[in-house]
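Below you'll find the structure, written out as structure tokens, and then a few comments.
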Amino acid sequence: MQNSATPTHCPYCALQCGMNLTPAPEGTVEVSERADFPVNRGALCGKGRTAPAVLSSRVRLTSPLVRSEGTLVPASWEEALDRIAENVVRTRTEHGPDACGVFGGGGLTNEKAYTLGKFARVVLGTSQIDYNGRFCMSSAAAAGIKAFGLDRGLPFPLEDIPKTGCVILVGSNLAETMPPSLRFFHELRENGGTLIVVDPRRTKTAEQADLHLAPRPGTDLALALGLLHLVVAEGRTDEEYIRERTTGWEDARAEALAHWPEYVERITGVAVPELREAVRMFCEPENAMVLTARGPEQQSKGTDTVGAWINLCLATGRAGRPLSGYGCLTGQGNGQGGREHGQKADQLPGYRKLDDPAARAHVAEVWGVDPDSLPGPGRSAYELLDALGTDIKSLLLMGSNPVVSAPRAAHVEERLKSLDFLAVCDVVLSETAALADVVLPVTQWAEETGTTTNLEGRVLLRRQAITPPEGIRSDLEVMHELAGRLGVEKGFPTDPEEVFEELRRASAGGVADYSGITYRRLVEENGVFWPCPAATAEEPDDGEDSALDAPPEDVEPLGVHPGTPRLFLDRFATPDGRARFVPVAHRATAEEPDDAYPVLLTTGRVVAQYQSGAQTRRVDELNAAAPGPFVELHPRLAARLGAAEGDPVAVVSRRGRAVAPARITTGIRPDTVFMPFHWAGEGRANTLTNPALDPTSRMPEFKSCAVRLEAVATPGGVPSSPRP
Ligand SMILES: Nc1nc2c(c(=O)[nH]1)N[C@H]1C(S)=C(S)[C@@H](COP(=O)(O)OP(=O)(O)OC[C@H]3O[C@@H](n4cnc5c(=O)[nH]c(N)nc54)[C@H](O)[C@@H]3O)O[C@H]1N2
Ligand SMILES: Nc1nc2c(c(=O)[nH]1)N[C@H]1C(S)=C(S)[C@@H](COP(=O)(O)OP(=O)(O)OC[C@H]3O[C@@H](n4cnc5c(=O)[nH]c(N)nc54)[C@H](O)[C@@H]3O)O[C@H]1N2
Ligand code: SF4
Ligand SMILES: [Mo]
Numbered sequence: 003m004q005n006s007a008t009p010t011h012c013p014y015c016a017l018q019c020g021m022n023l024t025p026a027p028e029g030t031v032e033v034s035e036r037a038d039f040p041v042n043r044g045a046l047c048g049k050g051r052t053a054p055a056v057l058s059s060r061v062r063l064t065s066p067l068v069r070s071e072g073t074l075v076p077a078s079w080e081e082a083l084d085r086i087a088e089n090v091v092r093t094r095t096e097h098g099p100d101a102c103g104v105f106g107g108g109g110l111t112n113e114k115a116y117t118l119g120k121f122a123r124v125v126l127g128t129s130q131i132d133y134n135g136r137f138c139m140s141s142a143a144a145a146g147i148k149a150f151g152l153d154r155g156l157p158f159p160l161e162d163i164p165k166t167g168c169v170i171l172v173g174s175n176l177a178e179t180m181p182p183s184l185r186f187f188h189e190l191r192e193n194g195g196t197l198i199v200v201d202p203r204r205t206k207t208a209e210q211a212d213l214h215l216a217p218r219p220g221t222d223l224a225l226a227l228g229l230l231h232l233v234v235a236e237g238r239t240d241e242e243y244i245r246e247r248t249t250g251w252e253d254a255r256a257e258a259l260a261h262w263p264e265y266v267e268r269i270t271g272v273a274v275p276e277l278r279e280a281v282r283m284f285c286e287p288e289n290a291m292v293l294t295a296r297g298p299e300q301q302s303k304g305t306d307t308v309g310a311w312i313n314l315c316l317a318t319g320r321a322g323r324p325l326s327g328y329g330c331l332t333g334q335g336n337g338q339g340g341r342e343h344g345q346k347a348d349q350l351p352g353y354r355k356l357d358d359p360a361a362r363a364h365v366a367e368v369w370g371v372d373p374d375s376l377p378g379p380g381r382s383a384y385e386l387l388d389a390l391g392t393d394i395k396s397l398l399l400m401g402s403n404p405v406v407s408a409p410r411a412a413h414v415e416e417r418l419k420s421l422d423f424l425a426v427c428d429v430v431l432s433e434t435a436a437l438a439d440v441v442l443p444v445t446q447w448a449e450e451t452g453t454t455t456n457l458e459g460r461v462l463l464r465r466q467a468i469t470p471p472e473g474i475r476s477d478l479e480v481m482h483e484l485a486g487r488l489g490v491e492k493g494f495p496t497d498p499e500e501v502f503e504e505l506r507r508a509s510a511g512g513v514a515d516y517s518g519i520t521y522r523r524l525v526e527e528n529g530v531f532w533p534c535p536a537a538t539a540e541e542p543d544d545g546e547d548s549a550l551d552a553p554p555e556d557v558e559p560l561g562v563h564p565g566t567p568r569l570f571l572d573r574f575a576t577p578d579g580r581a582r583f584v585p586v587a588h589r590a591t592a593e594e595p596d597d598a599y600p601v602l603l604t605t606g607r608v609v610a611q612y613q614s615g616a617q618t619r620r621v622d623e624l625n626a627a628a629p630g631p632f633v634e635l636h637p638r639l640a641a642r643l644g645a646a647e648g649d650p651v652a653v654v655s656r657r658g659r660a661v662a663p664a665r666i667t668t669g670i671r672p673d674t675v676f677m678p679f680h681w682a683g684e685g686r687a688n689t690l691t692n693p694a695l696d697p698t699s700r701m702p703e704f705k706s707c708a709v710r711l712e713a714v715a716t717p718g719g720v721p722s723s724p725r726p
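This is the structure:
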């Protein structure tokens, strides 16, 4: 494209670190420091630095593939697209539109996520669409909507963190999952603030903490209730704030009082003095924050668990005030935007609800269709995958690799194989793509333009730096071509900016209002925080500013809405402007240990691999750093098993069996083992995980299930023998 550096953002996690790209040989790019982006100020982790390796034709898909006599063989785009269209028509004719499923991803740009949702509802006419974000932060989203009336991961920019007094980081290992963000926590401590980390493991993040609480997996709900009990007992509530800015305190207070510290110690394993110390550290400074990540969220009670942590913030007056608040650290590159614009089962663009007649009417008008033609809400991600081959006969999958990342993965793999027809758009031949009937090779981050919304709610422009190789098309082109073949000639543009202009109109007046954001502003302002309505900021807020179709040229610069870096400072997004306490009580995990499966398994990430590993397992430098799966266990557990460091260990759950080398450390609770989930094959952690779902968010319980450990015959044929 051009030879000068293109400022853009990383393809991976929700920090969306800024980076500069210059074209390099063999169609790849060179990454260099981009200091002007405030989130990372030039710093990158190894994944971001090595992301160009996936652009190489040595590891990526270079041609469409179609299945012929059982194997995938190269084919022309015409043939591959025709094959998909024919199968959609056949499925629809034989079984109806809901037999066509769609599965998306939180890594897709806003333009792609928006188009995918529209494609499902308008072209396929199916209700059966959901995406991998359901596996990610959906419990925090549900809890945020309950309490605050709105879900935006962080209600403040990361740069506020160093200025608060105390942060409780619950189930986040950001030293490995978002390394450049560690800087904000170092600065917090340099400024005299304190960091509390809640994690069953002494992670690299926990090592930075002033206080590390290590509860049993799946007991964060009890922990938060115990802290709230102490807050009440020690008279540390903010009564004026509770009166003026919240509702529902009496019921929440009663639940908390039922959770005595000694009872909480028994459930969580965290000693009462540590609970008291945490309360003191959290309550003494003027401001404080609670941030959650996947630890407390990926539980079958994740919504209630996050609700309990929010209750703690509300009772102490630490939400909707400067430098205080609750936030969720969203995970995927577009984990925030990907949940706002319609690829979720129950949702329309602008974070609108699919079952809201006014929302349907607004979006149907933008789409030029009859509101009654829009299907209703569909199933959640795991339920959709579980229905493959029964009522869902064909699936279009874009931006996920569920063979590795879905819970109870062997079952999900079987379901995928039982489909009549599977089409996958990907950049590489992932484990899921390898099962497909048609695989379409798509462009990657450096080769296309599009917006993402990072964990702070900051909408960003990723810019194209190089021309994609011959034979590769974008996801938007794929949907355009398929729509045309299925009789919808208009409404599926291939130019991302054109899609964004439509998204602005579709989101106007919604919760996640992007109507005041343009590509030009994103470049000039280095990102804009939503909500950002097109209405002028000076206009009196009469609550009626929803006809926001004004094209950007008509907006006078003076009246441009500045965007909203900080939410809730005046009022919460509930009808009465008050935050809502949710009464929650402790309950057990879906699968507690017993005699047959006496140990708890929890799962998560390592710094050098990303998600299902589809991309990062194709990068030599990252594989050298993190070559394969492992089972992290305490020396006491290892001794009982007779396993030495590096010995293969079998982990067996009610779903299946996985084998990986032992990694022995005192940094984990003796009743718990940990496995990262980045690998396929024998060491696949998700062979074991429990698909028990949270009743509200439909989030599976990735963070705890019951397992037993078995010694395994070593490669030499000798079983690792029990040691005394
Ligand atoms: N290197 C790397 N970075 C990534 C990703 C990646 O795959 N690799 N993925 C991105 C995405 S999509 C996401 S969602 C984020 C995830 O970011 P994180 O949430 O930081 O990642 P995890 O490792 O899944 O879980 C965090 C911690 O939760 C702890 N934990 C386990 N069970 C419990 C529990 O019951 N309670 C509590 N309190 N803690 C528990 C684990 O020990 C782990 O250290 O990372 C993003 N960044
Ligand atoms: N046991 C366990 N399992 C987990 C988790 C856990 O903590 N423990 N975490 C869960 C979480 S938080 C998440 S977010 C999921 C993530 O798990 P997945 O949904 O599998 O996520 P990725 O591995 O990022 O898969 C993205 C796929 O899309 C491709 N891709 C990348 N960009 C594009 C694009 O622009 N277009 C198209 N068409 N394809 C693209 C990639 O090559 C890759 O194959 O895993 C979940 N699974
Ligand atoms: S921290 Fe996340 S966004 Fe930043 S370079 Fe690493 S993977 Fe990319
Ligand atoms: Mo995630």
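My numbering applies: residue 3 is where the sequence shown begins, and numbers increase by one. Glycine residues also receive a C-beta, built at the ideal position from the N, C-alpha and C atoms.
Presumed contact (8 Å Cβ cut-off) between residue i and residue j, rounded CB distance
| i | j | result |
| --- | --- | --- |
| Asn-134 | Ser-407 | 7 Å |
| Val-120 | Gly-327 | According to the sequence provided, residue 120 is Lys. The question's Val does not apply to it. Wrong, their Cβ atoms sit about 33 Å apart, outside the cutoff. |
| Asn-692 | Ala-592 | 6 Å |
| Arg-589 | Lys-148 | That belief does not hold up - the Cβ atoms of Arg-589 and Lys-148 are roughly 17 Å apart, past 8 Å. |
| Pro-443 | Arg-62 | 7 Å |
Residue i and residue j closer than 9 Å at C-beta
| i | j | result |
| --- | --- | --- |
| Arg-341 | Ala-143 | yes |
| Gln-301 | Ser-141 | yes |
| Gly-630 | Pro-663 | yes |
| Asp-132 | Leu-386 | yes |
| Ala-226 | Thr-207 | no |
| Leu-223 | Glu-276 | no |
| Ala-216 | Gly-127 | no |
| Val-104 | Met-400 | yes |
| Gly-606 | Gly-329 | no |
| Ser-699 | Gly-378 | no |
| Val-125 | Leu-484 | yes |
For residue i, the three-state DSSP class (helix, strand or coil)
| i | result |
| --- | --- |
| Ile-670 | strand |
| Gly-20 | strand |
| Pro-443 | strand |
| Asp-428 | strand |
| Ala-646 | coil |
| Val-31 | strand |
| Asp-132 | strand |
| Asn-403 | coil |
| Phe-186 | helix |
| Arg-268 | helix |
| Cys-138 | coil |
| Gly-333 | coil |
| Ser-6 | coil |
| Ala-549 | With a pLDDT of only 37 at Ala-549, under the threshold of 50, the placement of this residue in the model should not be trusted, and no figure is reported. |
| Cys-168 | strand |
Near ligand 4: residue i beta-carbon under 8 Å from a heavy atom
| i | result |
| --- | --- |
| Gln-617 | no |
| Gln-613 | yes |
| Gly-401 | no |
| Gln-338 | no |
Residue i: CB within 8 Å of a non-hydrogen atom of ligand 1
| i | result |
| --- | --- |
| Glu-433 | no |
| Ser-70 | no |
| Tyr-14 | yes |
Check: residue i C-beta below 8 Å from any heavy atom of ligand 2
| i | result |
| --- | --- |
| Pro-409 | yes |
| Gln-349 | no |
| Phe-502 | no |
| Gln-334 | yes |
Residue i Cβ short of 8 Å to ligand 3 heavy atom set
| i | result |
| --- | --- |
| Ser-34 | no |
beta-carbon residue i near ligand 6 non-hydrogen atom, thresh 8 Å
| i | result |
| --- | --- |
| Phe-137 | As for ligand 6, it is missing from this structure, which binds only ligand 1, ligand 2, ligand 3 and ligand 4. |
Secondary structure, alpha helix (DSSP H): runs of 4+ residues fully inside the stretch 76-129: 79-97, 112-120
Complete runs of the alpha helix (DSSP H) confined to the stretch 570-648 [at least 4 residues]: 622-627, 637-643
Could I get the ranges of all uninterrupted alpha helix (DSSP H) runs contained in the stretch 439-498, with 4 residues as the minimum, in chain order? 477-487
Starting from the N-terminal side, write out each stretch of the beta strand (DSSP E) that is 3 residues or longer and does not extend beyond the stretch 683-716. 692-695, 707-713
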